[in-house]
Amino acid sequence: MLTADRMAAVDANAAALGVPRKQLMESSGNAVAQVVRDHVDPDGRVVLVCGRGNNGGDAFVAARFLAGYATETVLLGEPEQIGTEIARENWAALQDAELPTTVASDTTDIDELGLDTADCVVDAMLGTGVTGALREPEASTARAINAADTQVISVDVPSGVDADTGTAAGVAVDADHVVTFHDTKPGLSELDTEVTVADIGIPAAAERFVGPGDIQQGGLRQGDRDAASHKGDHGELLVIGGGPYTGAPALAAKAALRAGADLVHVACPEPVAAQIQGYSPNLIVHHFGGEGFTPGVVDSLVDLAAGMDGVVCGPGVGDDNETRETVATFLAAFGGRAVVDADALSVVPEVETRATLVCTPHRGELVEMGGETADDWARRAKLVGRFAEELGHTLLVKGPVRHRRRQRGDADQPHRQPGDDRRRDRRRAGRRGRRAADHPRAATGRGLWRVSHRPRRRSGLRGNRQQPRGDRCYRAASGGVRS
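In the numbering used here, the protein residues as written are 45 to 527.
Right, here's the structure in full:
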């Protein structure tokens, strides 16, 4: 079961894993069409009522798959108002195929849709990303759909219903059947309706691994801020670190600034305070006496952390016994939210705390904490989930992954040598293909393309593929693997 925000993050993660949104829309539309076939005779009349977002785009695709039916695809609003490129492309595909379409720009047009004579109405006005009361023309259309004596199939969620709560702020479509994608939504369990969960090809890794969608949905987009906001409105963070190392706490603090925190404090031993301050004038540095942290500073750290929105504990603190005792005592006394990293991780299994902890070990640190690992990522993720449940804390386990992004030539392709693609192309090609491989620029003028430069084609099923780069993070929470 996924909330609306979580589903949006998974969609974005899937795109980063090489499954573009256009491909997901194609699969979603196909799934909707299949449910319509299951409920409507082949000679039935189907009216698809579509909004201007991707929910409507799903229905545009469904209309193509229902070409054998008597369909009418209704767009609420003008085609120029369609909000996404992939939805616009699928609307254009309906025009190119000369399938019946109608543009309904006001309530008069809605009254003329003939919903009463339809054997099925597909509600694709609004999806999971929209909350609050329906506006016009969606509100009037929802009333017209409810008044029609026909079966109603909603795409993803009935328009007007909150996907997370199942409640409606006003009028909402009363659906007989809902086709939702990848996983069910919390609010659907509150409705008296039949629900089909369609597999649209989102890989399991899109949920398991932290990706671009998690960052976007986590609010780390400074452009979304209110221009009238003040310093501190967007978070105040404390980094507890430093001692043997100075770079780690400074980098963590700068990352917090980059992520959007308004104020970032660093608590560190006095001898390294000047070095850490030198990384950025934006850091607020608090220093404590001694070469490292000692138990005598715990009360001061707890007082300082009490006014923060979050704490990062561990970067560069070292692993001597006094430091370990200090970290353990601090975590036991702290009651807020903290990210625990580096040397501080080793004390977490032995500490009882009311704090909300997110532990970020790499695989070696995970083993030192008492966890298990495996070479297979799916097995490894299960082990992480099990250990997270034992700890009672959230685990974000980092690990290396291979990456291949093919855009131009041999750039950014690990373990390949320049010219590999050309040699491969020559092996596959005939006489004209060999000329194309040797002279790609000239070949484009004759309509020939290198295989590695093949342009995107139908639904994104061909073309450039992208897989994640850098660190994959296995997401697990105290109740098991977080979804």
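Here a beta-carbon is modelled for each residue, glycine too, at the ideal position from N, C-alpha and C.
For residue i, the first and last residue of its enclosing beta strand (DSSP E)
i, result
"L119", "114-120"
"G354", "354-357"
"F431", "Looking at the DSSP string, F431 is not in any beta strand (DSSP E); the run it does join, the alpha helix (DSSP H), is 421-435."
"T534", "This structure cannot speak to residue 534, because the chain is shown only from 45 to 527."
"E280", "280-284"
Beta-carbon gap between residue i and residue j smaller than 8 Å
i, j, result
"A107", "L138", "yes"
"G304", "A56", "no"
"V199", "G231", "no"
"V215", "L178", "yes"
"R551", "T400", "Outside the modelled stretch of the chain, which goes from 45 to 527, sits residue 551, for which no answer is possible."
"A131", "G88", "no"
"T404", "V371", "no"
"L439", "V428", "yes"
"T194", "V165", "yes"
"V93", "N74", "no"
"G336", "E314", "no"
"A311", "L345", "yes"
"G276", "G360", "no"
"G362", "G287", "yes"
"R197", "H83", "What sits at residue 197 in the sequence shown is Ile, not Arg. Cβ atoms of I197 and H83: closer than 8 Å."
"L68", "G245", "yes"
For residue i, the nearest candidate out of the options (CA to CA)
i, options, result
"S203", "G95, V342, V384, A377", "G95"
"D364", "V346, A422, Y289", "Y289"
"E116", "D85, G158, V76, T185", "G158"
"A248", "G291, G62, G171, G127", "G62"
"K298", "P313, I320, P315, I246", "I320"
"Q78", "L110, A52, A191, R65", "L110"
"T47", "T175, A60, M69, S71", "T175"
"V392", "R381, L375, H406", "L375"
"H274", "L307, A213, G245", "L307"
"E394", "A386, E369, E416, G408", "E369"
"T224", "A242, C357, L235, D218", "A242"
"G97", "E129, D85, V76", "E129"
"R187", "T172, F332, I154", "I154"
"D85", "A103, I244, Y113, P64", "Y113"
"Y528", "T338, L295, V341, P181", "One cannot answer for residue 528 here, as it falls past the ends of the chain, which runs 45 to 527."
"V217", "S233, E234, T185", "T185"
"T151", "A192, E409, E180", "E180"
"S390", "R407, E412, A377", "E412"
"V147", "D160, V91, G408", "V91"
"P293", "G358, G255, V76", "G358"
Enclosing alpha helix (DSSP H) for residue i [first to last residue]
i, result
"R368", "365-377"
"P256", "256-261"
"A103", "98-109"
"I126", "That residue, I126, is in no alpha helix (DSSP H); it is neither H nor E in DSSP."
"V361", "Looking at the DSSP string, V361 is not in any alpha helix (DSSP H), and its letter there is neither H nor E."
"S233", "That residue, S233, is in no alpha helix (DSSP H); it is neither H nor E in DSSP."
"T185", "182-191"
"V346", "342-350"
Where residue i falls, given that 16 or more other Cβ within 10 Å makes a residue buried
i, result
"Q125", "exposed"
"K229", "buried"
"V54", "buried"
"G379", "exposed"
"T211", "exposed"
"K66", "buried"
"S72", "buried"
"N99", "buried"
"M45", "exposed"
"R424", "buried"
"T209", "exposed"
"V356", "buried"
"R302", "exposed"
"N528", "The chain is shown only over 45 to 527; residue 528 falls outside these bounds and no answer can be derived."
"D385", "buried"
"R534", "It is not possible to answer for residue 534, since the shown part of the chain is limited to 45 through 527."
"R191", "Before going on, a small fix: residue 191 reads as Ala here, not Arg. It counts as exposed."
"E182", "buried"
"A422", "exposed"
Residue(s) in a DSSP beta bridge with residue i
i, result
"S198", "D167, V222"
"P393", "In DSSP, P393 forms no bridge with anything."
"A60", "In the DSSP output, where bridge partners are listed per residue, A60 has none listed."
"P313", "F332"
"V239", "V222"
"L92", "T117, V166"
"V383", "V356, V402"
"L307", "E280"
"V79", "Partner(s): none; V79 has no beta bridge."
"A212", "V205"
"L327", "V308"
Cβ of residue i within 8 Å of any chain C Cβ
i, result
"G286", "No chain C is part of this structure, which consists of one protein chain only."
Residue i beta carbon near the ligand ATP (any heavy atom closer than 7 Å)
i, result
"T367", "No copy of the ligand ATP occurs in the structure displayed, which carries no ligand at all."
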